[in-house]
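A.B. asks:
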Amino acid sequence: MKQKQSRQRTNKYIRRTAASLAVILVLVVAVSQMPFAWAQSLQEQIDQLSRQNSDTQGQVSVLEDQAVDFNDKISKLQQEINGLQEQINQSVAQIDATQAKINEAEVELAKQRQLLGQNIRAMYVEGDVSTLEMLASSQDLSDFVDKQQYRNSVKDKIKATLDKVNELKHQLNAEKEILEAQKKDQETRQARLNGQRAEQDRLLSLNESQRNELNGQIKNNSAKIAELRKQQAAENAKLFGGSVPQGIPGGGGYPGAWAFAPIDSIIDTWGMYNRECVSYTAWKVWSSGRYMPYWGGIGNANQWDDNARAAGIPVDTNPRVGDVAIKNAGFYGHAMYVEHVYGDGTIYISQYNAAWDGNYSEARISTAGLVFIHF
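If you count the sequence shown from 1, position 182 lands on 1153 in this note's numbering, and the numbers rise without skipping.
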């Protein structure tokens, strides 16, 4: 009976111990996965913000194309408006010149009317003299006839002048009416063009407002991405067991076309995004005269050792100068180029994007936890 109770207590203890060990194992696994999950979460946020920026930039590009079109239309409308203004100015000048001629005709009409009036009064006075008296005062019949013809000639000449000036005045008034109608039509067309230009100005202003708003969103997202990259850099530093060395833009001999372009804006010869650790190490292998496979699409650093094994390229934990060192920790892992091997279990490496800033840096690090690809 006592043995049975003892066995029961022992079995119960074993079950409790096993349960405790299971809980501990779960906790250990969970804790070990935390850096990966944290890095993945950060990268997912960065990717989402980057996609948003890419989509927003696409909208900005469309708006920029529209703005070019608006400006082109505004420029053409303004040219038409300026051309019409020149025509209006010419019409005004012609109207003024015609009005000046009308004024001159009015003066001439007044003058001729005055002369005609004087002549008529003279003839009226002379009309009181009888024909017999005029004949008696004349030297002869011829002199009488000459006086009569002269009076008639003067009267006819003044009347002809009046008719001519009146005709000119009517002609000038008709020309003025045509010019004024032409000017009115030009002003109407100009007003219509001004309205069209005002609408294009309104659309351009709205376009600029939309672009400013979208660019503001891009700027805010870029600031968030920068902050997330800082957090990633901090996690990367933890993976290396210390702080990451300060990066140098365009260092390490990496091609300037890639080194000075925005990070992840160009795909290099081997299918890697520029200024990433894998792009730099791929270039280092190639620039040393060795074969570098195209691993685009499967080019994360923590995929390289598997890619190399599949391609028959040796991979082990023994570093040599010219190897690519791979640290598989983190969401993407990290690739480095071995510059020197020390005898104390450390190596000197060159790298890109260790601090998630797309820059070049060098460091002396431990070989612990690394694998080396012997290209």
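Note that beta-carbon positions come from the ideal geometry of N, C-alpha and C, so glycine has one too.
Count the other C-beta atoms from every protein chain shown that fall within 10 angstroms of the C-beta of W1327, then say buried if there are 16 or more, exposed otherwise.
C.D. replies: buried
A.B. asks: Whole angstroms are fine: how far does the CA of Q1188 sit from the CA of I1320?
C.D. replies: 38 angstroms
A.B. asks: Measure the beta-carbon distance from Q1171 to K1044 and round it to whole angstroms, keeping in mind my assumption that it falls under 8 angstroms.
C.D. replies: 5 angstroms
A.B. asks: Taking all protein chains shown into account, decide if H1305 is buried (16 or more other Cβ within 10 angstroms of its Cβ) or exposed.
C.D. replies: buried
A.B. asks: What residue from D1277, A1131, L1034 has the CA that sits closest to L1175's CA?
C.D. replies: L1034
A.B. asks: Looking at Q1065: is its Cβ nearer than 8 angstroms to the Cβ of L1150?
C.D. replies: It is a contact, given that the beta carbons lie within the stated cut-off.
A.B. asks: Any C-beta of chain D sitting closer than 8 angstroms to the C-beta of D1018?
C.D. replies: Here there is only one protein chain, and chain D is not present.
A.B. asks: Between V1286 and R1182, what straight-line distance do the alpha-carbon atoms span, to the nearest angstrom?
C.D. replies: 51 angstroms
A.B. asks: Which of the three DSSP states is assigned to I1196 in this structure?
C.D. replies: helix
A.B. asks: Hey, D1276 and I1336: beta-carbon distance below 8 angstroms or not?
C.D. replies: no
A.B. asks: For Q1050, tell me which candidate among S1025, N1165, N1060, I1017 has the shortest Cα-Cα distance.
C.D. replies: N1165
A.B. asks: Looking at G1270: is its Cβ nearer than 8 angstroms to the Cβ of G1224?
C.D. replies: no
A.B. asks: Check whether the Cβ atoms of A1120 and I1059 sit closer than 8 angstroms, and answer yes or no.
C.D. replies: According to the sequence displayed, residue 1120 carries Gln and not Ala. Not closer than 8 angstroms, so no.
A.B. asks: Using the Cβ count rule (16 or more neighbours within 10 Å means buried), how would you classify T1159?
C.D. replies: T1159 comes out exposed.
A.B. asks: Closest to G1088 by CA distance: which of A1152, I1129, E1075, M1263 is it?
C.D. replies: Checked all of A1152, I1129, E1075, M1263; the closest Cα to G1088 is I1129.
A.B. asks: My guess is that T1288 and V1249 are in contact by the Cβ rule of under 8 angstroms, so how many angstroms apart are they, rounded?
C.D. replies: So it is not a contact: roughly 20 angstroms between Cβ atoms.
A.B. asks: Do L1020 and N1192 have their beta-carbon atoms positioned less than 8 angstroms apart in this structure?
C.D. replies: Cβ distance < 8 angstroms, so N1192 and L1020 count as in contact.
A.B. asks: On a Cα-Cα basis, can you pick out the residue from H1141, A1325, I1284 that is closest to Q1202?
C.D. replies: A1325
A.B. asks: Is it a yes or a no for the segment 1130-1140 touching the segment 1069-1087, going by three-plus beta-carbon pairs under 8 angstroms?
C.D. replies: yes
A.B. asks: Tell me the rounded alpha-carbon separation between Y1265 and I1237.
C.D. replies: 15 angstroms
A.B. asks: Since V1295 and F1346 should fall inside the 8 angstroms C-beta cutoff, what is the C-beta to C-beta distance between them, to a whole number of angstroms?
C.D. replies: 7 angstroms
A.B. asks: Just curious, the alpha helix (DSSP H) that T1252 is in, first and last residue?
C.D. replies: 1248-1258
A.B. asks: Is I1234 near the ligand SAH - that is, is its Cβ less than 7 angstroms away from at least one heavy atom of it?
C.D. replies: No copy of the ligand SAH occurs in the structure displayed, which carries no ligand at all.
A.B. asks: What's the call for R1163, buried or exposed, on a 16-neighbour Cβ count within 10 Å?
C.D. replies: exposed
A.B. asks: So what does I1066 bridge to, in DSSP terms?
C.D. replies: Looking at the DSSP assignment, I1066 forms no beta bridge with any residue, so it has no partner.
A.B. asks: With DSSP collapsed to three states, give me the class of R1335.
C.D. replies: strand
A.B. asks: To the nearest angstrom, how far is it from the Cα of S1003 to the Cα of Y1262?
C.D. replies: Low local confidence applies: a pLDDT of 42 at S1003 is under 50, so the model's placement there is unreliable, with the coordinate-based value given in what follows. Each residue's alpha carbon lies about 36 angstroms from the other.
A.B. asks: Assuming K1140 contacts I1052 (C-beta within less than 8 angstroms), just tell me the rounded distance between them.
C.D. replies: Incorrect: roughly 36 angstroms between the Cβ atoms, too far for contact.
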